[in-house]
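The structure under discussion appears below in the form of structure tokens.
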Amino acid sequence: MRGFTLIELIITLVILGILSVTAVPKFLGSSTEDAYSYRDRTLNALRTVQLRAMQNTATTSCHTLYITSTLIAPPTPDTCTGGADANNTDHLVVQINTQRSDIAFSALDSNANIFTQISFDPLGKSNQTCTSQCRIDVGLAGVCISGEGLIYACP
Numbered sequence: 039m040r041g042f043t044l045i046e047l048i049i050t051l052v053i054l055g056i057l058s059v060t061a062v063p064k065f066l067g068s069s070t071e072d073a074y075s076y077r078d079r080t081l082n083a084l085r086t087v088q089l090r091a092m093q094n095t096a097t098t099s100c101h102t103l104y105i106t107s108t109l110i111a112p113p114t115p116d117t118c119t120g121g122a123d124a125n126n127t128d129h130l131v132v133q134i135n136t137q138r139s140d141i142a143f144s145a146l147d148s149n150a151n152i153f154t155q156i157s158f159d160p161l162g163k164s165n166q167t168c169t170s171q172c173r174i175d176v177g178l179a180g181v182c183i184s185g186e187g188l189i190y191a192c193p
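Using the working numbering, the first residue of the sequence shown is number 39, and each one after it goes up by one.
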């Protein structure tokens with residue numbers, strides 16, 4: 039007798055079903071998956087700058103990230119001025135591909151005002167007007183920063 043047994047066919051179908059639910063959407067490049075990826079990178083950059091601010095409390099240190107519609111990056115390391123530096127070597131640059139029109143950064147403070155930079159004090163609190171909460175939207179995903187400095191993925 040040639041062919042597959044019923045058990046082999048069922049196991050194959052179960053494995054294909056699991057792969058189609060978990061792995062295939064990641065390869066399709068949906069904007070939702072990309073937005074969550076950019077959000078996670080933004081979370082990482084914000085938390086890194088916050089930790090550096092809490093560990094290196096020298097007044098000459100720069101613990102700032104600049105925010106544009108396609109870029110979140112620290113300034114030039116030597117001067118701490120001039121806006122976002124996409125070539126910064128601190129590995130904190132989050133840049134959206136310019137060919138993407140469906141994903142952009144949008145930063146609002148607790149008064150619904152747009153802000154273009156965020157910095158942290160030695161206690162880890164944002165120096166913005168984040169009295170209750172700031173939000174950085176990345177397409178359909180978002181990053182929230184509480185008034186006390188908690189940085190988390192917005193629901």
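Beta carbons are placed, not taken as given, at the ideal position from N, Cα and C, and that holds for glycine.
- By the beta-carbon neighbour count (other beta carbons within 10 angstroms, threshold 16), Gln137 is exposed.
- Per DSSP, Gly120 lies in no beta strand (DSSP E) and is assigned neither H nor E.
- Beyond the five residues adjoining it in sequence on each side, Ser107 comes within less than 7 Å, by CB distance, of Ala142, Phe143 in the same chain, given in chain order.
- Boundaries of the beta strand (DSSP E) around Val176: 171-176.
- For the set Ile183, Asn149, Asn82, Gly177, the Cα lying nearest the Cα of Ser139 is the one of Gly177.
- In the DSSP annotation of this structure, Gly180 is not part of any alpha helix (DSSP H); the continuous beta strand (DSSP E) holding it starts and ends at 179-184.
- Under the three-state reduction of DSSP output, Val131 falls in the coil class, being neither helix nor strand.
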